[in-house]
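A quick write-up on the structure given underneath.
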Amino acid sequence: MSTEPGPSRVVLPALIVIGTGAMTSATLSPVLLGLYIDQLGLTASQASLALAAENGAYALGLLLFSLLLHRMNRAALAAVGLAFMILGSLLTAQAGGFLPLLAVRGVFGLAMGFTAASVFAAYAGRPDPQRVWAIATFVNLSYAALLLSVSGWIAQTFGLGGVTAVLAGVSVIGLLCARLIPRTGGEGAETSGRFFPTAGGATAAAVCGALALFCLYAAHTTLWSFQERMGLAVGLNRGEVGLLLGVSVLGAIAGAIASMAVGSRFGSRAPNALAFAGLVASALLLAVPNVAAYVAGAVIIKTAWFFGLPFILGALARLDVSGRWSSVGAALLALGSAVGPAVGAAVADQGPHSIGYLAVGFYLASFLLTLPLLAAERRAPRPAAA
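For the sequence shown, numbering that gives the first Met the number 0 assigns the number 0 to the initial residue and increments by one for each residue that follows.
Structural data, given as structure tokens:
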């Protein structure tokens, strides 16, 4: 029995619109941080805590979906989440101080987690989740590049109210599309009494996949957080580093396009190994005190990052068509994003090379954890074409 509420060719674009729009706040977090300080009068520490509260609540929302809310009507859950995101966006500009902002952004993050989890679960039920994630990644990167290019003008012209109006606007668009989200993960997908029903009993492989995402993003954010400092250490100025980081986004888009083009032609293991080889090489290049090595590493890391990510997300989704493990993986991804810079700060005083070597360690751990995931994914049944 089909669970699609509308024509199949309309459902995937709607899911990508909702999922991409839901992450707009994360894309604009540097802009929001500055506006919290300049317009609301918060200290830098308070503004950072507001962002941390939002991110923590987002991860909590993903976990709550996996543990408690996965049997709910997903279209309804996403609609409720988007409605609270609209409300939270509008109230953000009216927050009178730190504590009100903390509460508003916490509720916003929780709603964002519910919305994203509903979309991730729907991705898991698609016939080719790797391709779906590759398309979604490409769209998200292109959207982020466009949005960031105009975000400064919006903030300067309209202030915090203008930026939060953008957040509310994209949530309204998502709300209009929410009815197209499949209500369940497919016939029988939710009927198992096991804690995490997975294809072929591959719970251990799914655990490895979720932990792989944790290690992967711990490595990514360790390098990303210190990449400017590493650039300055090799003799570049801030303008040159900023330009290079902007150019590296083109490498990320190229990686997502390559992932779409490769698809399942060569399976998942060979592309995954290629991506991790690129990631390890880029981390080692960034650790070398040389301008050419730094430039090469900065571009390679983005390309390899977004080439390989859809293969891991797709494998995790294929193991569990209910989408619960996709939500757990996304939550651990967010946790890894928080842990990486904190661990990096502990070794940063030893020099840029220490950051690069730390990232290599995280990447190798992540790669080893993907091996049982991809082995189990090969044995998982493929959903019928929509």
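The C-beta atom is built at its ideal place from N, Cα and C for all residues, glycine as well.
Looking only at its chain, what residues have a beta carbon closer than 6 Å to the beta carbon of residue i, apart from the 5 residues adjacent to it on each side?
| i | result |
| --- | --- |
| Gly112 | Tyr57, Gly60, Leu61 |
| Lys301 | Ser247, Gly250, Ala251 |
| Thr114 | Ala21, Ala77, Gly80, Leu81 |
| Leu14 | Val118, Ala121 |
| Ala46 | Leu32, Tyr35, Ile36 |
| Gly173 | Ile17, Gly20, Leu81 |
| Arg125 | Val131 |
| Ala383 | Residue confidence for Ala383 is low, a pLDDT of 49 falling below 50, so the modelled location carries little weight; the figure read from the coordinates is stated next. Correct list: empty, nothing qualifies. |
| Ser28 | Leu50 |
| Val298 | Ser247, Gly250 |
Compare the beta carbon distance of residue i and residue j with 7 Å and say whether it is the shorter of the two.
| i | j | result |
| --- | --- | --- |
| Gly313 | Pro128 | yes |
| Ser65 | Val327 | yes |
| Leu368 | Ser267 | no |
| Gly158 | Gln38 | yes |
| Phe361 | Ala217 | yes |
| Val118 | Ile17 | yes |
| Ser353 | Val346 | yes |
| Ala205 | Ser88 | no |
| Gly241 | Ala274 | no |
| Thr136 | Pro12 | no |
| Thr296 | Leu278 | At residue 296 the sequence reads Gly, which differs from the Thr that was named. Not a contact, by the Cβ cut-off of 7 Å. |
| Gly322 | Ala74 | no |
| Ala43 | Met84 | no |
| Glu53 | Gly108 | yes |
| Ala282 | Gly335 | no |
| Ser365 | Leu215 | yes |
Under three-state DSSP, which class holds residue i?
| i | result |
| --- | --- |
| Pro351 | helix |
| Gln38 | coil |
| Met22 | coil |
| Ala325 | Per the sequence shown, residue 325 should be read as Ser rather than Ala. Correct three-state label for Ser325: helix. |
| Ala201 | coil |
| Ala375 | helix |
| His69 | coil |
| Ile180 | coil |
| Pro340 | helix |
| Phe225 | helix |
| Ala116 | helix |
| Thr190 | Reliability fails at Thr190, whose pLDDT of 37 lies under 50, so the model's placement of it is uncertain and the value that follows must be treated cautiously. The answer is coil: DSSP assigns Thr190 none of H, G, I, E or B. |
| Ala135 | helix |
| Phe310 | helix |
| Phe107 | helix |
| Gly234 | coil |
| Leu27 | coil |
| Pro128 | helix |
| Arg264 | coil |
| Ala92 | coil |
| Pro288 | coil |
| Val240 | helix |
| Val169 | helix |
| Val10 | helix |
| Val320 | coil |
Between which residues of its own chain and residue i is the CB-CB distance below 7 Å, once the five residues before and five after are set aside?
| i | result |
| --- | --- |
| Val169 | Gly20, Thr23 |
| Ala330 | Ala58, Leu61, Leu62 |
| Val233 | Pro288, Asn289, Val290, Tyr293 |
| Gly254 | Lys301, Thr302, Ala303, Trp304, Phe305, Phe306 |
| Met229 | Leu285, Tyr293, Pro351, Ile354 |
| Ala143 | Thr26 |
| Ala92 | Leu159, Gly160, Thr163 |
| Val359 | Val279, Ala282, Leu283 |
| Val171 | Ile85 |
| Phe222 | Sequence check: residue 222 is Leu here, not Phe. Excluding positions up to five away in sequence, the list reads Ala282, Leu285, Ile300, Ile354, Ala358. |
| Val261 | Pro270 |
| Leu370 | none |
Would you grab the beta carbon distance between residue i and residue j for me? Rounded to a whole angstrom, and I think it's under 8 Å.
| i | j | result |
| --- | --- | --- |
| Leu48 | Leu98 | Wrong, their Cβ atoms sit about 11 Å apart, outside the cutoff. |
| Ile311 | Ala211 | 6 Å |
| Thr220 | Gly339 | 4 Å |
| Ala201 | Leu318 | 5 Å |
| Ala154 | Gly161 | 7 Å |
| Val10 | Leu175 | Val10 to Leu175, Cβ: 14 Å. No contact. |
| Phe225 | Leu332 | With a Cβ gap of about 19 Å, Phe225 and Leu332 do not count as contacting. |
Can you list, in chain order, the residues of its chain with a C-beta nearer than 8 Å to that of residue i? Leave out the 5 residues immediately preceding and following it.
| i | result |
| --- | --- |
| Gly151 | Val30 |
| Met71 | none |
| Leu68 | Leu76, Phe113, Ala116 |
| Leu235 | Leu243, Val290, Tyr293 |
CB of residue i to nearest heavy atom of the ligand ADP: below 6 Å?
| i | result |
| --- | --- |
| Gln155 | With respect to small molecules bound, the structure shown includes none, and the ligand ADP cannot be examined in it. |
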